[in-house]
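The sequence shown maps to residues 55 to 192 in this note's numbering.
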Amino acid sequence: MVEKLQQAPVSITLNSSGGFEIWGPLGFSLPENDQQTTAQPGDVILYNGSNLCLFYGTNSWSYTRLGKIDGLSESELRTFLKAGESNIGVVLSLDNSAAIKEVKSNGSEDGTYYSVNGQRVQNPTHGIYFKNHKKVIL
Numbered sequence: 055m056v057e058k059l060q061q062a063p064v065s066i067t068l069n070s071s072g073g074f075e076i077w078g079p080l081g082f083s084l085p086e087n088d089q090q091t092t093a094q095p096g097d098v099i100l101y102n103g104s105n106l107c108l109f110y111g112t113n114s115w116s117y118t119r120l121g122k123i124d125g126l127s128e129s130e131l132r133t134f135l136k137a138g139e140s141n142i143g144v145v146l147s148l149d150n151s152a153a154i155k156e157v158k159s160n161g162s163e164d165g166t167y168y169s170v171n172g173q174r175v176q177n178p179t180h181g182i183y184f185k186n187h188k189k190v191i192l
């Protein structure tokens, strides 16, 4: 998967299924290393070599584990993954040049919202922000 993403970002459409995941076809196949697994919320799974599954619940099956989404509660994960919705556009990319690497505190908490790019946001709408040095999902 890393080699594929080093070439270019991959856009896929995911749909909710079974009340525990969103999934969709990658448009290409990857090598499988399936093992009987109980997927947990946050797990990123390859199914049948060509389908990406992002879990917000649990399910047991033979999967290839690709990774994990960390730092979100199960409720936040359901919101982030748009649980129950269909036609969710997702772009997979290795480009993290705009990602926040570290948050340092000067000891004050002023309630200001910041985007994931580190920009101050006056009137935040739906999305992921940082407020008082913590991740907030609106």
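Think of the CB as a built atom: it goes at the ideal place given N, C-alpha and C, for glycine as much as any other residue.
Assign residue i to one of three DSSP states: helix, strand, or coil.
i: Phe134; result: helix
i: Gln90; result: strand
i: Val175; result: strand
i: Val145; result: strand
i: Val56; result: helix
i: Ser104; result: coil
i: Pro140; result: Here the sequence assigns Ser to residue 140, which means Pro is not the residue at that position. The answer is coil: DSSP assigns Ser140 none of H, G, I, E or B.
By Cβ distance below 7 Å, which residues in the same chain neighbour residue i in space, the five residues on each side in sequence not counted?
i: Gly103; result: Ser83, Leu84 and Glu86
i: Asp97; result: Phe109, Arg119 and Lys122
i: Gln60; result: Leu148
i: Ser169; result: Val175 and Tyr183
i: Gly181; result: Leu192
i: Asp88; result: Ser116, Tyr117 and Thr118
Looking only at its own chain, which residues have a Cβ that is under 8 Å from the Cβ of residue i, when we skip the five neighbours before and after it?
i: Thr133; result: Ile191
i: Thr92; result: Thr112, Asn113 and Ser114
i: Val56; result: Leu148
In the DSSP output, what is residue i paired with across the bridge?
i: Gly121; result: Val98
i: Glu75; result: Ser71 and Phe109
i: Ser114; result: Thr92
i: Val190; result: Tyr183
Can you name, in chain order, every residue of its own chain whose Cβ lies under 6 Å from the Cβ of residue i, other than the five neighbours on each side?
i: Leu136; result: Reading off the sequence shown, one finds Lys at residue 136, where the question assumed Leu. Excluding sequence neighbours, Lys136 sits near Ile142.
How many whole angstroms separate the CB atoms of residue i and residue j, which I take to be in contact at a CB cut-off of 8 Å?
i: Leu131; j: Pro63; result: Their Cβ separation, rounded to whole angstroms, is 22 Å, which puts Leu131 and Pro63 out of contact at 8 Å.
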